[in-house]
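The structure appears below as structure tokens.
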Amino acid sequence: MNVTCSDRDRIFEDGTPAEWAALEVHAASCPVCEEEVCAWKALSVAAKQLRDYSDSPSFWPRIERALAEDAARNAQRAGRKSWFSFLPSLSPVWQTAMAGALVLVLTISAGWFYVHPPKNGHAADPSLLQSSALKEVESAETAYERAIDKLAAETKPQLENPATPLLANYHEKLLVLDSAISDLRAQAGMNPSNAQLRHQLLAMYQEKQHTLEEVLEGKQQ
Amino acid sequence: MRLVTVVGLLSAALLFTAKPLRAANAGQEQVSRDFQQTMTLGAGQSVRIEHKFGSIKLHGEAGRDVKISATIRAQASSREEAESFVQKIRIEVQQTGEGVRIKTIYPEEEKSWFHSSKHSSWSVSYDIGMPSDAPNTVRNSFGSVEVAGVHGAADVENGYGTVAIRDVGAGRWTNAFGSIDLTAAAGNVSVSDNNGSVQVSDVKGTLEVRNRFGSITTRNIQGAATITGGNGTVTLTDAASSNITTSFGNVEARNIRGDLSVHDNNGNVEVSGIGGAADVSSSFGNVTFSDVHGRVNCTTNNGRVKGGSVTGSSVTVRDSFGNIELDTISGALDAETSNGKISVRDARGSVTLKSSFGAVEATNIPKGIRAITGNGAVTLTDIGGDAFAKTSFGSVSIERIGGNLTVENTNGSVTARNVKGDAGVKTSFAGVTLDTIGGKITVDNQNGGISVTAMRPASGCRDISLKTSFSSIRVHVPEGLGYNVTARTSFGRISSELPITSTGSIGGDSLTGTIGSGGCQLQLTDSNGSIEIAKAP
Chain A
15 MNVTCSDRDR IFEDGTPAEW AALEVHAASC PVCEEEVCAW KALSVAAKQL RDYSDSPSFW
75 PRIERALAED AARNAQRAGR KSWFSFLPSL SPVWQTAMAG ALVLVLTISA GWFYVHPPKN
135 GHAADPSLLQ SSALKEVESA ETAYERAIDK LAAETKPQLE NPATPLLANY HEKLLVLDSA
195 ISDLRAQAGM NPSNAQLRHQ LLAMYQEKQH TLEEVLEGKQ Q
Chain B
1478 MRLVTVVGLL SAALLFTAKP LRAANAGQEQ VSRDFQQTMT LGAGQSVRIE HKFGSIKLHG
1538 EAGRDVKISA TIRAQASSRE EAESFVQKIR IEVQQTGEGV RIKTIYPEEE KSWFHSSKHS
1598 SWSVSYDIGM PSDAPNTVRN SFGSVEVAGV HGAADVENGY GTVAIRDVGA GRWTNAFGSI
1658 DLTAAAGNVS VSDNNGSVQV SDVKGTLEVR NRFGSITTRN IQGAATITGG NGTVTLTDAA
1718 SSNITTSFGN VEARNIRGDL SVHDNNGNVE VSGIGGAADV SSSFGNVTFS DVHGRVNCTT
1778 NNGRVKGGSV TGSSVTVRDS FGNIELDTIS GALDAETSNG KISVRDARGS VTLKSSFGAV
1838 EATNIPKGIR AITGNGAVTL TDIGGDAFAK TSFGSVSIER IGGNLTVENT NGSVTARNVK
1898 GDAGVKTSFA GVTLDTIGGK ITVDNQNGGI SVTAMRPASG CRDISLKTSF SSIRVHVPEG
1958 LGYNVTARTS FGRISSELPI TSTGSIGGDS LTGTIGSGGC QLQLTDSNGS IEIAKAP
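Respectively, the protein sequence lines represent chains A and B. Count along the first sequence starting at 1, add 14, and that's the number in the numbering used here. Count along the second sequence starting at 1, add 1477, and that's the number in the numbering used here.
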């Protein structure tokens, strides 16, 4: 089976084992895909660690570090790209013509941006997540959902008929959190890379998991 | 190839210097558009901002201009799509009679298309300079809000994001699911949150805080602070006065210049440095108070109460299942618990202590004390005034009483030493030992022994009346004092170290006579035990 770089995202989402194997073969000769596959595997390990629903203290730092690393990786990749690798196959005349055209275009662009300088921070703006960061966040959300489902099943009898005011309060808090999660998920579905929405959604998941754990701790005591 | 290399390097250099926006990453393009507009605000007019996705920064400036600077960002799978997004998001700025209204508009007619692309996203961030004295209203849903240096009245509502406020005037700040951090407000402040932490400091007016599930930390409030929490901790430091209500979080209040009222259901309460009265109630938490200059009223059900250094007129404590421990109380003290131990040290007013099933201990009480318990021991030491101790099934131990002593016990022993006044003891099934008693002595026992040593009073003598049924009586009286002796027992013998002049009938089981020249009554009544009269050491 042959796969290309364009198949990569689809295979990440719902690729078959055979497609994954083909992607790894392809990645062996494609540095870009190799890097993405490595990043994805690292994320899978992180998600697996989260699946035991113990709230690792390094969770948030890991997300933040991954975001920073993603930005750095992209910048590095942009620098490494062999922009002119196809040029040797062209004739010297074409090479010269293309180079001249490129210089002209870039000179005009440079002149325009010299007159209209872009504001700092636009390119690396953190308000919108890049796709690898988004994948990591989505992976973390999935891990949270699984952990929460498991905890919710264990705490369901207590919360449905709360025997103490504290349990009633936890129940109320969980309803509020569910409402917030529902709202944020709906918004994130329409505006998926909005970092604020994703961050808030993760925070709500974390809060819900923590609350369920508190209920469970109370039950065990 | 050399030409290619040169051109490549040149092009790369130009790309780095001129590239306005780079691709976010493979398959995602990010485009941004700047928006800038300046409006002039009339006197008394306000600024209103209605926003949904993104941050808002609002800062005060000199002059009457409202300088609106915004960046609209969109990210999509192609540059064309991202650019189309950016163009469709509008910022509407209107000058109305009330002032300037700024609104972000996401076109409704484009909604289905707008939301159709799975990988499309957008965000708008504002940075707005406005007259520092103008009122402002902010509505945001999913983003942070920062306000700095705006002293006009504020009305800020946010949904999901942080709210940071610094150097402002009076206002109302509300958030749903993010933190609120307010520093330095010149007027009255109202802060409301749902599930984020709230921090407020340096407020020159009054403060009102509500938070359902998050923590509340407030500091340096010149006016009264009214705090309503829910599930998080409440910390208040330096306020004029305060009223705190919460359900499940701990409360800590320090340095309150006026009165403090705390009502917590299930958390611990710790208050200190209260200039006025402290009224604290809790159901399942411990209560600790110290350095209170007004009266203290403390009620809890299942927690421990620990208090000290109260200079107010009174301390009243009601507890159900917790211990009470109090130290250095200037005013009157009234403490009661059902099943806990009460321990008091250095209480300078009148003291009343009640427990049902716990022990009662008190020491260094210059005035009188009433110590009552059902099934616990009573231990009183260094009581300046009268002492009353009552228990049913515990022992009573008393030492150094300046006034009179009264003990009512049912099934426990009574031991008292160094009582300057009268001693009256009643018990049933345990021994009574009274040592160095300066006043009149009355013991009414049923089945326990009695041992009494009377002290030589400053003048005259004091009556002694001792009664028991099935045990012995031993009484030590000072030499040289006169007593009218009446001693009677059924199945024991009567003996005396002191010479007794009999004036009536003499038998093995009864004796009537005088010690010395008589004067005070020495009545010793027993049924089945011996009676012994001895010299006091």
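For each residue, glycine too, the CB sits at the ideal point set by N, CA and C.
| Item | Value |
| --- | --- |
| Would Glu221 of chain A count as contacting chain B if we go by Cβ distances under 8 Å? | yes |
| Here's the rule: buried if 16 or more other CB atoms are within 10 angstroms of the residue's CB, otherwise exposed. What is Tyr128 of chain A? | Here Tyr128 of chain A scores only 49 on pLDDT, less than 50, and its place in the model should not be relied on; the value that follows carries that caveat. Result: exposed. |
| Interface residues of chain A around Gly1638 of chain B at Cβ under 8 Å? | Gln210, Gln214 |
| Taking Arg1687 of chain B as part of the beta strand (DSSP E), name the residues at either end of that continuous run. | 1684–1688 |
| Sort A:Pro31, A:Tyr219, A:Leu188, A:Leu216 by Cα distance to Phe2016 of chain B and report the nearest one. | Nothing about residue 2016 of chain B can be read from this structure; chain B reaches only from 1478 to 2014. |
| Classify Pro171 of chain A: buried if its beta carbon has 16 or more other beta carbons within 10 angstroms, exposed otherwise. | exposed |
| Taking beta-carbon pairs under 8 Å, can you tell me which members of the region 152–185 of chain A lie near chain B? | Pro179, Leu180, Asn183 |
| Distance, Cα to Cα, Arg8 of chain A vs Phe1562 of chain B? | Here chain A comprises residues numbered 15 to 235, so residue 8 of chain A is not present and cannot be evaluated. |
| Can you list, in chain order, the residues of the region 1708–1727 of chain B whose Cβ is nearer than 8 Å to any Cβ on chain A? | Asn1708, Ser1724, Phe1725 |
| For chain C, find out if any of its Cβ atoms is closer than 8 Å to the Cβ of Ser145 of chain A; answer yes or no. | Checking the listed chains, one finds no chain C in this structure; the protein chains it contains are A and B. |
| Determine the closest residue to Pro249 of chain A out of A:Glu33, A:Ala35, A:Cys19, with distance taken between C-alpha atoms. | Look at the range of chain A in this structure, 15 to 235, and you will see that residue 249 of chain A is not part of it. |
| Could you tell me whether the Cβ atoms of Thr1683 of chain B and Ala1701 of chain B are closer together than 8 Å? | yes |
| For Val1909 of chain B, count neighbouring Cβ atoms within 10 angstroms of its own Cβ and tell me buried if that reaches 16, exposed if not. | buried |
| If the cut is a Cβ gap below 7 Å, which residues of chain A does Arg1620 of chain B touch? | Here residue 1620 of chain B turns out to be Gly, not Arg, going by the sequence shown. Simply Gln210. |
| Put Ser1448 of chain B into one of helix, strand or coil per three-state DSSP. | Coverage of chain B is limited to positions 1478 through 2014, which leaves residue 1448 of chain B absent and any answer about it impossible. |
| Applying a beta-carbon distance threshold of less than 7 Å, which residues of chain A neighbour Gly1744 of chain B? | Going along chain A, no residue has its Cβ under 7 Å from Gly1744 of chain B, so there is no contact; the nearest lies around 11 Å. |
| What does Asn1671 of chain B reach in chain A if we use C-beta pairs closer than 8 Å? | Val190 |
| With burial defined as no fewer than 16 other Cβ atoms inside 10 Å of the residue's Cβ, what is the status of Glu168 of chain A: buried or exposed? | exposed |
| When you compare only the Cα positions, how much space is there between Leu5 of chain A and Ser141 of chain A? | Beyond the ends of chain A as shown, which are 15 and 235, falls residue 5 of chain A; an answer cannot be given. |
| Which residues in the same chain have their Cβ closer than 6 Å to the Cβ of Thr1805 of chain B, if we skip the five residues on either side of it in sequence? | Gly1785, Ser1786, Asp1823 |
| If you measure between the beta carbons of Gly1655 of chain B and Val1640 of chain B, is that distance less than 8 Å? | yes |
| So, does the region 1520–1536 of chain B touch the region 1608–1616 of chain B, judging by three or more C-beta pairs under 8 Å? | yes |
| Relative to the alpha-carbon of Ala1900 of chain B, which residue among B:Thr1887, B:Ala1866, B:Gly1889 has its alpha-carbon at the smallest distance? | B:Ala1866 |
| Put Ser1791 of chain B into one of helix, strand or coil per three-state DSSP. | strand |
| So, is the C-beta of Gln1699 of chain B closer than 8 Å to a C-beta in chain A? | no |
| Just checking: is the beta-carbon of Glu33 of chain A within a distance shorter than 8 Å of some beta-carbon in chain B? | no |
| Mapping DSSP to helix, strand and coil, what is Thr225 of chain A? | helix |
| For Ile1842 of chain B, which residues in the same chain have their Cβ closer than 6 Å to its Cβ, ignoring the five residues on either side in sequence? | Ala1824, Val1828, Ile1860 |
| Spell out a yes or no on whether the region 1627–1639 of chain B and the region 1548–1567 of chain B are touching, meaning 3 or more CB-CB pairs, one atom from each, closer than 8 Å. | no |
| Is Gly1937 of chain B buried or exposed, if buried means 16 or more other CB atoms sit within 10 Å of its CB? | exposed |
| In chain order, what residues of the same chain lie with their CB nearer than 7 Å to the CB of Gly1817 of chain B, ignoring the 5 residues before and after it? | Asp1796, Phe1798, Gly1799, Asn1800, Ile1801, Ser1832, Gly1835 |
| In chain order, what residues of the same chain lie with their CB nearer than 6 Å to the CB of Thr1966 of chain B, ignoring the 5 residues before and after it? | Asp1986, Asp2003, Ile2008 |
| May I have a chain-ordered list of the beta strand (DSSP E) segments no shorter than 3 residues that lie completely inside the region 1509–1566 of chain B? | 1523–1527, 1533–1538, 1542–1553 |
| For chain A, check one thing: does any of its Cβ atoms lie closer than 8 Å to the Cβ of Phe1834 of chain B? | no |
| Smallest Cα separation from Met218 of chain A: which of B:Thr1705, B:Gly1673, B:Thr1765? | B:Gly1673 |
| Let me make sure I understand the geometry here. Which of B:Ala1893, B:Lys1844, B:Thr1850, B:Ile1875 has the alpha-carbon closest to that of Glu1862 of chain B? | One point to set straight first is that residue 1862 of chain B is Gly, not Glu, in the sequence displayed. Among B:Ala1893, B:Lys1844, B:Thr1850, B:Ile1875, the Cα nearest to that of Gly1862 of chain B belongs to B:Lys1844. |
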